[in-house]
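**Q** First, the structure itself, so that you have it in front of you.
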Amino acid sequence: MSKFLILQLRPEDEAADEEFDAFLARGGLAEDQVERIRLDQAPLRAVSLDQYAGVIVGGGPGCVSDDPADKDPLETRIEADIMALMPEILARDMPYLGCCYGMGILGAALGAPVGKGRYGEAIGGVDCTVTEEGARDPLLAGLPVQFRALVGHKEAVEDLPEGAVHLVASAPCPFQMIRAGENVYATQFHPEARGENFAQRIEIYKHRGYFAPQDAAALSETVLAEAITVPERILHTFVSRYGA
Numbered sequence: 003m004s005k006f007l008i009l010q011l012r013p014e015d016e017a018a019d020e021e022f023d024a025f026l027a028r029g030g031l032a033e034d035q036v037e038r039i040r041l042d043q044a045p046l047r048a049v050s051l052d053q054y055a056g057v058i059v060g061g062g063p064g065c066v067s068d069d070p071a072d073k074d075p076l077e078t079r080i081e082a083d084i085m086a087l088m089p090e091i092l093a094r095d096m097p098y099l100g101c102c103y104g105m106g107i108l109g110a111a112l113g114a115p116v117g118k119g120r121y122g123e124a125i126g127g128v129d130c131t132v133t134e135e136g137a138r139d140p141l142l143a144g145l146p147v148q149f150r151a152l153v154g155h156k157e158a159v160e161d162l163p164e165g166a167v168h169l170v171a172s173a174p175c176p177f178q179m180i181r182a183g184e185n186v187y188a189t190q191f192h193p194e195a196r197g198e199n200f201a202q203r204i205e206i207y208k209h210r211g212y213f214a215p216q217d218a219a220a221l222s223e224t225v226l227a228e229a230i231t232v233p234e235r236i237l238h239t240f241v242s243r244y245g246a
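For the sequence shown, the residue numbers in the numbering used here are 3 to 246.
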């Protein structure tokens, strides 16, 4: 099968490696089935999307909605690189799965408001509900109508982008999963993550403004107690559907 392109936006080596390993494990992918590009390491070269089965975009500490005047120069360049790919991805209706930060990228590319004022979620588990449209979507086929997922984000898509389909909601953040066209998806929750993944990220990002550093141990205990099984099935189905 054609390889999947995994684009990572995390500048911390430990976090990037942990996330990459989680994508492989939960997606049922071997390393020779993907091309991994860490956008923090160098500007994105010209990419021919013809050679890939699909694109998976990970999370990161940056925010689309940050004031450009205050944004870290590296995060500015990383965001610009991935945003430059989005018009072609959308025009081709290419298989795309944006995870957390990747939701903000898709929302911004579709012209939806992305901000910190309404739907940010503290780190932890959240109850998600599949919408009527979601129940008809092939990535969600056979999944329970309600499931737990792991979240932790300062910004969120604040309105459904024009033409997009609303697939999954939660009480704190209504747009947990959306689809544009037939093949372009994004989740606000992390489909690759289990509790142990979040515990590692809590330690890495405890000084990045997501929570008070002194709360790190309690947050780790909380996420490790979560039994998260459904979100990874979405990632696995994405890989199976488009990698065949």
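The beta carbon of each residue, even a glycine, is placed where N, CA and C say it ideally should be.
Quick one: give me the first and last residue of the alpha helix (DSSP H) that GLN202 is part of.
**A** The count along the sequence shown starts at 1 and reaches residue 202 at position 200. GLN202 -> alpha helix (DSSP H) spans 197 to 206.
**Q** Exposed or buried, MET85, counting other C-beta atoms within 10 Å across all chains shown (16 or more means buried)?
**A** For the purposes of this step, residue 85 is taken as residue 83 along the sequence shown, with counting starting at 1. By the 10 Å Cβ count, MET85 comes out exposed.
**Q** For the region 103 to 117 against the region 164 to 183, are there 3 or more C-beta pairs whose distance is under 8 Å?
**A** As far as the Cβ criterion goes, the region 103 to 117 touches the region 164 to 183, which means the pair count is three or higher.
**Q** Evaluate contact between the region 182 to 189 and the region 89 to 98, counting only Cβ atoms and requiring at least three cross-stretch pairs below 8 Å.
**A** The answer is yes - the region 89 to 98 touches the region 182 to 189, with three or more Cβ pairs under 8 Å.
**Q** Based on Cα-Cα distance, which residue from ILE236, ASP42, ASN199 lies nearest to VAL225?
**A** As a first step, residue 225 is located in the sequence shown; it is residue number 223 there, counting from the start. Considering only alpha carbons, the answer is ASN199.
**Q** Apart from the five residues on each side of it in sequence, which residues of its chain come closer than 6 Å, Cβ to Cβ, to ALA218?
**A** Looking up residue 218 in the sequence shown gives position 216. The answer, listed in chain order, is ILE204, LYS208.
**Q** I think ARG94 touches LEU141, with their Cβ atoms under 8 Å apart; what is that distance to the nearest whole Å?
**A** Walking along the sequence shown from the start, residue 94 turns up at place 92. Walking along the sequence shown from the start, residue 141 turns up at place 139. That belief does not hold up - the Cβ atoms of ARG94 and LEU141 are roughly 18 Å apart, past 8 Å.
**Q** With a cut-off of 8 Å, do at least 3 Cβ pairs link the region 72 to 79 to the region 159 to 169?
**A** With a cut-off of 8 Å, the region 159 to 169 and the region 72 to 79 do not count as touching, because too few Cβ pairs lie within range.
**Q** Quick one: residues in its chain with C-beta nearer than 7 Å to the C-beta of ALA251, no 5 flanking neighbours on either side, listed in chain order?
**A** Shown here, the chain extends from 3 to 246; a query on residue 251 therefore has no answer.
**Q** Determine the DSSP secondary structure at MET96, reduced to helix, strand or coil.
**A** Position 94 of the sequence shown, counted from the start, is the residue given in the question as residue 96. MET96: coil per DSSP, three-state reduction.
**Q** Ordered along the chain, which non-local residues of its own chain (more than five positions away) have a Cβ less than 7 Å from that of GLU16?
**A** In the sequence shown, the residue the question calls residue 16 occupies position 14. Once the five neighbours on either side are set aside, the close Cβ partners of GLU16 are ILE206.
**Q** Could you please give me the residues that DSSP links to MET179 through a beta bridge?
**A** Taking the sequence shown and counting its residues from 1, the one referred to as residue 179 is at position 177. DSSP lists VAL170, THR189 as partners of MET179.
**Q** Compare the C-alpha of ILE91 against each of ILE58, PRO63, ASP69 and name the closest.
**A** Taking the sequence shown and counting its residues from 1, the one referred to as residue 91 is at position 89. Nearest of ILE58, PRO63, ASP69 to ILE91, Cα basis: ILE58.
**Q** Is the distance from the Cβ of GLY122 to the Cβ of GLU228 below 7 Å?
**A** Sequence index remark: in the sequence shown, residue 122 carries index 120 (1-based). Sequence index remark: in the sequence shown, residue 228 carries index 226 (1-based). No.
**Q** Could you give the distance in angstroms between the alpha-carbon of GLY261 and the alpha-carbon of GLU194?
**A** The displayed coordinates of the chain run from 3 to 246. Any statement about residue 261 would go beyond what the structure contains.
**Q** Any idea if GLU21 is buried or exposed, counting beta-carbon neighbours within 10 angstroms, 16 or more meaning buried?
**A** One-based indexing of the sequence shown puts residue 21 at position 19. With 16 or more other Cβ atoms within 10 Å, it is buried.
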